[in-house]
Amino acid sequence: MTNILCIGAGYVGGSTMPIIASHCPQHRFVIVDINDARIAAWQSDQLPIYEPGLDEIVHQTLGKNLFFSTEINRNIAEADIIFVSVNTPTKMFGQGAGRAADLQYWEKTARQILENSTSSKIVVEKSTLPVRTAEAMERILNSNGNGLHFDVLSNPEFLAEGTAVHDMQNPNRVLIGGRETEAGQKAIESLVEIYAHWVPRERILTTNLWSSELSKLVANAFLAQRISSINAISALCERTEADVNEVANAIGRDARIGSHFLRASVGFGGSCFKKDILNLVYLCEHYGLPEVAQYWEQVVTMNEYQETRFAANMVTSMFNTVAGKRIALFGASFKANTNDTRESPALEVCRALLAEQADIVITDPHAMENACYDLKELATRVVFEPDPYIAARSAHAIAILTEWRQYTELDYEKIHHSMVKPAFIFDGRNLLDHKRLYKLGFNVYPIGKPPLTHSLINHS
Ligand code: NAD
Ligand code: UGA
Numbered sequence: 017m018t019n020i021l022c023i024g025a026g027y028v029g030g031s032t033m034p035i036i037a038s039h040c041p042q043h044r045f046v047i048v049d050i051n052d053a054r055i056a057a058w059q060s061d062q063l064p065i066y067e068p069g070l071d072e073i074v075h076q077t078l079g080k081n082l083f084f085s086t087e088i089n090r091n092i093a094e095a096d097i098i099f100v101s102v103n104t105p106t107k108m109f110g111q112g113a114g115r116a117a118d119l120q121y122w123e124k125t126a127r128q129i130l131e132n133s134t135s136s137k138i139v140v141e142k143s144t145l146p147v148r149t150a151e152a153m154e155r156i157l158n159s160n161g162n163g164l165h166f167d168v169l170s171n172p173e174f175l176a177e178g179t180a181v182h183d184m185q186n187p188n189r190v191l192i193g194g195r196e197t198e199a200g201q202k203a204i205e206s207l208v209e210i211y212a213h214w215v216p217r218e219r220i221l222t223t224n225l226w227s228s229e230l231s232k233l234v235a236n237a238f239l240a241q242r243i244s245s246i247n248a249i250s251a252l253c254e255r256t257e258a259d260v261n262e263v264a265n266a267i268g269r270d271a272r273i274g275s276h277f278l279r280a281s282v283g284f285g286g287s288c289f290k291k292d293i294l295n296l297v298y299l300c301e302h303y304g305l306p307e308v309a310q311y312w313e314q315v316v317t318m319n320e321y322q323e324t325r326f327a328a329n330m331v332t333s334m335f336n337t338v339a340g341k342r343i344a345l346f347g348a349s350f351k352a353n354t355n356d357t358r359e360s361p362a363l364e365v366c367r368a369l370l371a372e373q374a375d376i377v378i379t380d381p382h383a384m385e386n387a388c389y390d391l392k393e394l395a396t397r398v399v400f401e402p403d404p405y406i407a408a409r410s411a412h413a414i415a416i417l418t419e420w421r422q423y424t425e426l427d428y429e430k431i432h433h434s435m436v437k438p439a440f441i442f443d444g445r446n447l448l449d450h451k452r453l454y455k456l457g458f459n460v461y462p463i464g465k466p467p468l469t470h471s472l473i474n475h476s
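Every position in the sequence shown, counted from 1, becomes a number in our numbering once 16 is added.
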């Protein structure tokens, strides 16, 4: 039996470890966190994150070979392999503020591992980190002078929220980076053996440490770049009567381009794309590559442009003022099937409309609590309403900001009747049947397609 510890019970630690535990019943898994409430929630009926299919896996393994705990020091001492999945947000102070990764949680963890270890261990970077972080970690961990040896591996996580269980069960690749020394290779093999319980060997890639660390940042940068590219084209489509969905389909059929991640939207959100690109930008600047840095920074700039453009388009279309108008925002999470609102474009649009003095009502099937927390400084100016029909009642406009399937199934005729006329729908996800909505009387503003508007003088 191997004792496997995961430090950090967030989205990554909390969704990956139960799945690994379910495939490796012979090993013992403990997940620890400094956040007592989170640890308690993982052991309750109401998990701290909404992730389809995860509840069953947690309940299958909990108390058998999976345990949650706040006793970090004792569990470090007992562990053979330690995964570290603490948060690595953008640094908001000092050198590199607004760009570099804030590594304080990671470094604290490394020192805590060092202080509490009485045996040699493998330490696995699961968090997303700047390239060459492992070098710093090795230096901290191997500064003990008490004969213990620590192998540091990089094993970045590629799961996406909302599909985390599927992504972990069927990864298109698992990436493990390690030192090219004998000890490093042995450590890599120990981790390969764990994943090989359910992942075909040919999908487990082993590389040097730096390639692995960098590949994670590059994967996110490429994915986000595709969204910014199609969103840039959506703006051009709106000026030229081209249809961005048709363009995406036409180019995506070219196998060299591929069809994934070409859905135009109000913008990409989530805790990682922006943070990881800014981190890449910072690294490029640090290594004296300003042109490379500027190239990648443009992906973030374009995303901010898309969010701003969406909100500005709402104001312009509604006769250049939304002051005092009730607007229902459908969706708060940064994508469907998650309660995560980190960097959600929905909240950016909300802030922009509040700046225009609109009366905002937010509805979302799973993310209201997080949205309420994120908007706490504006809470008195926002109404949170779980029922989309009530949210839309007496509203001038609806903005679709998250692609929840539920929103495709609503009775829009009933909704139209209950709204102030002329009634507007701004579909930031191109989710709904726009022609049908138009026939029902709505003025419809999709992304990257010409709007469908009735004569705004003679409305019914
Ligand atoms: P998170 O904020 O949800 O979770 C991090 C957890 O670490 C928190 O619960 C926090 O309390 C805990 N923590 C911080 N310092 C600690 C310490 N010293 N000891 C014990 N616990 C500590 O973050 P997340 O979304 O799980 O992301 C974690 C890392 O994984 C980040 O580097 C992120 O970039 C990366 N990542 C995230 C995703 C994702 O979908 N969210 C996917 C791939 C990679
Ligand atoms: C993303 C990556 O897909 C994961 O591989 C990675 O592990 C993770 O970041 C991470 O490092 O945190 P995630 O942010 O959970 O996963 O979700 P995505 O499905 O990538 O969506 C990100 C954002 O892009 C969402 O706001 C989504 O709505 C938007 N998006 C996605 C589009 O606007 N258009 C698309 O075509 C695809």
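All residues carry an ideal CB built from backbone N, CA and C; glycine is no exception.
Sequence-distant residues of its chain with Cβ nearer than 6 Å to residue i (five each side left out)
i    : result
T222 : I192 and I204
I92  : I129 and N132
P64  : R54 and A57
I273 : I267
V147 : W226, E229 and L230
K465 : D259
I47  : C22, A25, G29, M33 and F84
A330 : As written in the sequence, residue 330 is Met, which differs from the Ala given in the question. Result list for M330: F442, in chain order.
Q310 : none
T86  : D52 and I55
Spatially closest choice to residue i from the options, by CA coordinates
i    : options                   : result
Q241 : E131, W58 and K290        : K290
A199 : E173, K142, L164 and N188 : L164
L207 : V190, A264, E218 and T197 : V190
A37  : M17, D49, I55 and R54     : M17
I246 : L70, P467, I463 and T104  : I463
F440 : Y454, E425 and V315       : Y454
F99  : T125, M108, T424 and T256 : T125
A235 : A251, L278 and I293       : I293
G24  : T144, G110 and G112       : T144
V365 : E359, A327, R255 and C388 : A327
P172 : Q76, V181, Q201 and S101  : S101
E401 : A387, H412 and P34        : A387
I210 : Y298, N19 and V460        : N19
N353 : N51, L70 and R44          : L70
Residue-level contact to chain E via CB, residue i, 9 Å cutoff
i    : result
T424 : Included in the structure is just one protein chain, with no chain E present.
DSSP three-state assignment for residue i, whether helix, strand or coil
i    : result
K290 : helix
E141 : strand
V331 : helix
L453 : helix
S434 : helix
D390 : helix
C22  : strand
V308 : helix
F284 : coil
Y461 : strand
S38  : helix
D375 : strand
R342 : strand
F350 : coil
V147 : coil
F277 : coil
F166 : strand
Y27  : helix
R44  : strand
L369 : helix
L63  : coil
L175 : coil
L448 : coil
Nonlocal neighbours in the same chain, by C-beta distance under 7 Å from residue i, ignoring five residues either side
i    : result
P381 : W420 and Q422
A150 : E141, V168, S170, L225 and E229
S244 : V315, M318 and N319
S476 : The pLDDT assigned to S476 is 42, lower than 50, so where the model puts this residue is not dependable; a value taken from the coordinates is nonetheless given after this. Excluding residues within five positions, the ones whose Cβ falls inside 7 Å are G457.
Cut-off 8 Å between Cβ atoms - residues of its own chain near residue i, not counting five sequence neighbours on either side
i    : result
G340 : Q373, A374 and D375
S410 : R342, S434, M435 and V436
E385 : N355
CB-CB length for residue i against residue j, believed under 8 Å
i    : j    : result
A344 : A407 : 4 Å
R127 : I156 : 6 Å
N295 : A152 : Going by Cβ atoms, the distance from N295 to A152 rounds to 15 Å, so no, they are not a contact pair.
G283 : P361 : 4 Å
Near the ligand MG: residue i beta-carbon under 8 Å from a heavy atom
i   : result
V46 : This structure does not include the ligand MG; its bound ligands are the ligand NAD and the ligand UGA.
Within the segment 70-144, ranges of the alpha helix (DSSP H) (whole runs, at least 4 residues): 70-77, 88-94 and 120-132
Any alpha helix (DSSP H) of 4 or more consecutive residues that is wholly inside the segment 178-251: 180-185 and 198-211
Tell me the start and end of each unbroken alpha helix (DSSP H) in the segment 394-446 that is at least 4 residues and wholly inside, in chain order. 404-408 and 428-434
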